[in-house]
Each structure stands twice: as C-alpha cells, then as structure tokens.
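So in this note's numbering, spot 92 of the sequence shown is number 116, and the numbers just go up one at a time.
Heads up, the beta-carbon is just placed ideally off N, CA and C, and yes, glycines get one too.
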Amino acid sequence: MKKTIIIGGTSGIGRALAELMVQNGHIVGITGRRQELLTSFQKEIPGRTHVKRMDVILPQAMAQLKELIGEMGGVDIIVINSGVGFPNADLVWDKEKETIDVNVSGFAAMANVAFEYFSGQAGGQIVGISSIAALRGGSDSPAYNASKAFVSNYLEGLRRKAVKAGLSLTVTDIQPGFVDTALAQGEGMFWVASREEAAKQIFAAITKKKNHAYITRRWRLVAWLLKLLPGWMCNRA
C-alpha cells in the first residue's frame, strides 16, 4: 500500500489527485493553508487520510512536512502541487512577489525536504507540478512563467543529482496546460481539461514513474511548437 503526501491538496488538481489516489488504495496526506478545507477532506474521504495545516512560504513549513512524514510512518511519494498565479500585465509587485515566494522559494523548500528524506530510503518519488508556461516567458504573468521554469529546471537538477548519487529515486516533472481550476484565468484558453481528467493522467504518469509528462497529452503538440518558435515570433504573439 503506497503512502503519498500532496502538498497543496485542498483544492483543484491536488484535491482531485488525492481523491483518486485514495480510491486506488493509497494512504494520502494532504497539506494546505485553510483548515476548513483540510477538515472537509477528512470528513468526505474517511479512512486512509492525514492532514497538516501549513503554508510553504513560512519558515516552519519544512519542519511541518517532516512531521507529517513521521506521522504517516514514512512515505513513498511526495507531490509538490502548491502554487499561485495571477494575470499581472501591470507588474504589480505584490503579486509578483507572492508568486515568487510560493512557486520558487516554497517549492524549493519542499523539494529540499523531500530529496533529503528519500536520500535515506531504499527508493521513492518526487513529483513537481510545473506548467506548460515554463517553456517561454509570458508578458501577462512574467513571474508565473518564470517560476514554473524554475520548478522544471530544479526538478531536472534533482534528477541528475539522484542519478549521480546512485539513488533509486524517480523525479517527475508534470507540465499541465489549461485545467479547470481557480488558477486558470484570462482569455484565449483552449483544450481546458477537467480536474478529474488532469488528475487521472497525472496519476498514470506517477504510476509509470515517468520523468516528464504533459497534461493532457495533446499539449505536447503545443510544447513542440513553443520550443520551435523563434523569439521574434513569440514577442509578437
């Protein structure tokens, strides 16, 4: 029976993934900032669940994640799903800073704890929820795109570090396109996946221990185009 922690599991993709994992026999621990959502999760999904209230940007978050690992008697998978994003074409600094604090500093802190923990285990898996936005800069939300590029790059670094150290550790980079969550804002959205469909494909990628997956799979076509487009064309898009 697998044990999984989902950091940022009270809503959106994280909540849908938590529910799916419980249905597939996992013992699941979730974290979040809002106690009422943590409580409702345990009420609606009784049994094999653990919760921990925590905010990834606070200094105590690293210790709190270690506590949750201990309370669960160890874990096999840690999914780092916490993240924020705002349309911010006017570069309002408070929004940029919050994005960087959560998506960069908070992510790295959680990944650091996860890597340290699994380094002392026989095996394990770190899963980071990045975004298709990681592939190019974004004029409407510069910090968000840049923060997701950081996530994907950091995960690649951890994967290389694990290989060099001879660790039996899988590091999975998940890059979703548009998913029907509170984070999906703005005009021009297409191929919008439901949270349930996104969770289903993420769970499949985790189970297959993939290094990388686009969610949904057809977003690989968009990724291919984004990588090929010259800078001048992206600037005008």
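{"Check": "If you draw a straight line from the alpha carbon of T55 to that of N105, how long is it in whole angstroms?", "Outcome": "10 angstroms"}
{"Check": "If you count every other CB in all the chains shown that lies within 10 Å of the CB of S171, and 16 or more means buried, which is it?", "Outcome": "buried"}
{"Check": "State buried or exposed for R219, treating a residue as buried only when at least 16 other CB atoms are found within 10 Å of its CB.", "Outcome": "buried"}
{"Check": "For the ligand MN, is there a heavy atom less than 7 angstroms away from the beta-carbon of A135?", "Outcome": "Looking for the ligand MN in the displayed structure turns up nothing, as the structure carries no ligands at all."}
{"Check": "For the structure I just gave you, are there three or more beta carbon pairs, one from the stretch 94–105 and one from the stretch 29–40, closer than 8 angstroms?", "Outcome": "yes"}
{"Check": "T28 lies in the beta strand (DSSP E); which residues open and close that run?", "Outcome": "K27 to I31"}
{"Check": "Can the beta-carbon of K233 be found closer than 8 angstroms to that of Q145?", "Outcome": "no"}
{"Check": "Check for me: the alpha helix (DSSP H) holding V103 runs from which residue to which?", "Outcome": "Taken as a continuous stretch (DSSP letters only), V103 belongs to no alpha helix (DSSP H), being part of the beta strand (DSSP E) at I101 to I104."}
{"Check": "Does the beta-carbon of D114 have 16 or more other beta-carbons within 10 angstroms, so that it is buried, or is it exposed?", "Outcome": "exposed"}
{"Check": "What number of angstroms, rounded off, separates the C-alpha of G201 from the C-alpha of I239?", "Outcome": "6 angstroms"}
{"Check": "Which of helix, strand or coil does DSSP assign to T55?", "Outcome": "strand"}
{"Check": "Per DSSP, what kind of secondary structure is D125 in: helix, strand or coil?", "Outcome": "helix"}
{"Check": "Please identify the residue among Q199, R58, Q66 and E60 whose C-alpha is closest to the C-alpha of R242.", "Outcome": "Q199"}
{"Check": "Among M96, R160 and A222, whose alpha-carbon lies nearest the alpha-carbon of D204?", "Outcome": "A222"}
{"Check": "Compare the beta carbon distance of V126 and T196 with 8 angstroms and say whether it is the shorter of the two.", "Outcome": "no"}
{"Check": "Figure out for me which residue from E122, K27 and G255 has the closest Cα to the Cα of I81.", "Outcome": "E122"}
{"Check": "Flag this pair as yes or no: are the beta carbons of A42 and I30 separated by less than 8 angstroms?", "Outcome": "yes"}
{"Check": "For S129, collect the residues of the same chain with a Cβ closer than 7 angstroms to its Cβ; drop the 5 residues on either side in sequence, then sort them by chain order.", "Outcome": "I81"}
{"Check": "Could you give the first and the last residue of the continuous beta strand (DSSP E) run that contains A42?", "Outcome": "Per DSSP, A42 belongs to no beta strand (DSSP E); it is in the alpha helix (DSSP H), G36 to Q47."}
{"Check": "Within 10 angstroms of the Cβ of G33, are there 16 or more other Cβ atoms? Answer buried if so, exposed if not.", "Outcome": "buried"}
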